[in-house]
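Trainee: Here it is: the structure, laid out below.
Residue numbers (our numbering): 111 to 498.
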């Protein structure tokens, strides 16, 4: 019996949440095969899963790591973009047809869903958010008009041809993605907020103080953890900017991960700053830290909330989902948003001091107690088993 995962390869978040599900299924004797590309595929390879390399697809990125809407829509143009999508669908048809899985899992890939439906194989879609929300800013006016015309609303309907649409987000009032607050009632029997995928629970780890000592940090100093996620181009500019800023900050222990699964394991130290290419002890650092500084990725936010850690979020410029995520975290009183163009030593230090002294630590701990009951991984596995 086998299960097929078609996973979006942009960044590591999609692969990172599917791998714990796949590992749990393997423990139950299920064969697992992945289809992906880009950074996601590299991570899947590192975890030694069976895989097939799918045709890549993505969006244009500016030198500052921001999404380039103009180049994404104009270059390569609608014809070539359509060809890329068709190539992905054709690839998925061949791969799924070859492996003949009992269930297909699509993490944010329309091609995998369409192929599974053509082949009449049960399919589950995993998404960050059901509805795309475009902030009403001048730079997004053209996209807003597209949404209002219904062009992007169609994307939400495509996901629902799956048997289930599962979103690793919290129910109201702690829902992170704005697009998950507006799920049409007609889809309520098919779309579920299942909670985050957190493979290592806080109670399974030693105390915060013991972890700081184990990991080599001063237990009496606040520890800042900066897990920088996203595609290489999205990460590069922010990593360089934060490195230069962190090197000038005193009074804190700081650890940053570049999210490069093929990079060296040995860290580089710059005074109180420790930089890893890849960090195997992610959840140990998550529990040990006092504050998160990161992009506004959905997985990082939901896991930080689960562990009760306040956040300073720096959304990828023009990345509408991340901008919405950061806004929600501020609304819930669990952190602060800081635009990349405003990021300096002074603005970051000011935000850190607000987090430490402004009640965010206590608020995050209190909310965490309410969130510990959610287990997205177990919920997803139970729904997969219903389809087997």
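All C-beta atoms, glycine included, are put in the ideal place defined by N, C-alpha and C.
Do residue 364 and residue 356 have their C-beta atoms within less than 8 Å of each other?
Mentor: yes
Trainee: Can you list, in chain order, the residues of its chain whose CB lies under 6 Å from that of residue 106, leaving out five sequence neighbours each side?
Mentor: Residue coverage of the chain in this structure runs from 111 to 498, which leaves residue 106 outside it and unanswerable.
Trainee: Apply the 10 Å Cβ neighbour rule to residue 207 and answer buried if 16 or more other Cβ atoms are within range, or exposed otherwise.
Mentor: exposed
Trainee: Determine the DSSP secondary structure at residue 414, reduced to helix, strand or coil.
Mentor: Three-state result, residue 414: helix.
Trainee: Would you call the stretch 450-465 and the stretch 232-239 in contact, with 3 or more CB pairs under 8 Å?
Mentor: no
Trainee: Does DSSP put residue 121 in a helix, a strand or coil?
Mentor: coil
Trainee: Would you say the stretch 445-452 touches the stretch 277-295, given that touching needs at least three Cβ pairs under 8 Å?
Mentor: no
Trainee: Once you ignore the five residues that flank residue 165 on each side, which residues in its own chain have a CB closer than 8 Å to its CB?
Mentor: 147, 194, 197, 198 and 201
Trainee: Sort 438, 205 and 326 by Cα distance to residue 283 and report the nearest one.
Mentor: Nearest option by C-alpha distance: 438.
Trainee: Taking the alpha-carbon positions, what's the residue 536 to residue 124 distance?
Mentor: The structure shown does not extend to residue 536, since the chain is modelled only from 111 through 498, so no value can be given for it.
Trainee: Could you give the first and the last residue of the continuous alpha helix (DSSP H) run that contains residue 486?
Mentor: Bounds of the alpha helix (DSSP H) holding residue 486 are 486-497.
Trainee: What is the DSSP secondary structure of residue 211, reduced to helix, strand or coil?
Mentor: coil
Trainee: Give me the DSSP bridge partner(s) of residue 333.
Mentor: 363
Trainee: With contact counted as at least three CB pairs below 8 Å, one residue from each stretch, are the stretch 149-162 and the stretch 329-338 in contact?
Mentor: Flag = no, the stretch 149-162 and the stretch 329-338 do not touch.
Trainee: Can you tell me which of the three DSSP states residue 282 falls into?
Mentor: coil
Trainee: Please list the segments of the beta strand (DSSP E) lying wholly inside the stretch 400-476, counting only runs of 3 or more residues, in order along the chain.
Mentor: Complete beta strand (DSSP E) runs here, min 3: 401-404, 421-423 and 445-447.
Trainee: Once the 5 residues before and after residue 408 are set aside, which same chain residues still bring their CB inside 8 Å of it?
Mentor: 123, 238, 239, 278, 279, 286, 287, 431 and 435
Trainee: Select from 414, 406 and 131 the residue whose C-alpha is nearest the C-alpha of residue 490.
Mentor: When each option's Cα is compared against that of residue 490, the closest is 131.
Trainee: Spatial neighbours of residue 219 within its chain, please: C-beta separation below 6 Å, excluding the five flanking residues on both sides.
Mentor: 116 and 118
Trainee: Between which two residues does the alpha helix (DSSP H) harbouring residue 352 extend?
Mentor: 342-356
Trainee: Measure the C-alpha to C-alpha separation of residue 429 and residue 289 and round it to an integer number of angstroms.
Mentor: 14 Å
Trainee: Given that a residue counts as buried once 16 or more other Cβ atoms are within 10 Å of its Cβ, and exposed if not, what is residue 317?
Mentor: exposed
Trainee: Determine the DSSP secondary structure at residue 160, reduced to helix, strand or coil.
Mentor: In the structure shown, residue 160 sits in a strand (DSSP, three-state: E or B).
Trainee: Would you call residue 267 buried or exposed, if buried means 16 or more other Cβ atoms sit within 10 Å of its Cβ?
Mentor: exposed
Trainee: Rounded to the nearest angstrom, what separates residue 375 and residue 383 at their Cα positions?
Mentor: 16 Å
Trainee: Quick one: grab the DSSP three-state call for residue 235.
Mentor: strand
Trainee: Using three-state DSSP, classify residue 396 as helix, strand or coil.
Mentor: It is helical.
Trainee: Among 404, 291 and 476, whose alpha-carbon lies nearest the alpha-carbon of residue 523?
Mentor: With the chain covering only 111 through 498, there is no way to say anything about residue 523.
Trainee: Under 8 Å between the Cβ atoms of residue 340 and residue 426?
Mentor: yes
Trainee: For residue 185, count the other beta carbons within 10 Å of its own beta carbon; 16 or more makes it buried, fewer makes it exposed. Which is it?
Mentor: Only weak support is given to the placement of residue 185: the predicted model assigns it a pLDDT of 47, under 50, and the question is left unresolved by the model.
Trainee: I'd like the span of the alpha helix (DSSP H) that includes residue 372, first residue to last.
Mentor: Per DSSP, residue 372 belongs to no alpha helix (DSSP H) and is neither H nor E.
Trainee: With H, G and I counted as helix, E and B as strand and the rest as coil, what does DSSP make of residue 221?
Mentor: helix
Trainee: Here's the rule I'm using: 16 or more other beta-carbon atoms within 10 Å means buried, otherwise exposed. How should residue 299 be labelled?
Mentor: Here residue 299 is exposed. Its C-beta has fewer than 16 other C-beta atoms within 10 Å.
Trainee: Out of 371, 347, 304 and 461, which has the shortest C-alpha to C-alpha gap to residue 412?
Mentor: The shortest C-alpha to C-alpha distance from residue 412 to any of 371, 347, 304 and 461 is the one to 304.
Trainee: In this structure, how does DSSP classify residue 203 when only helix, strand and coil are distinguished?
Mentor: Here residue 203 sits in helix by DSSP.
Trainee: Got a sec? Which residues, its chain only, sit under 6 Å from residue 129 by beta carbon, not counting five neighbours each side?
Mentor: 157
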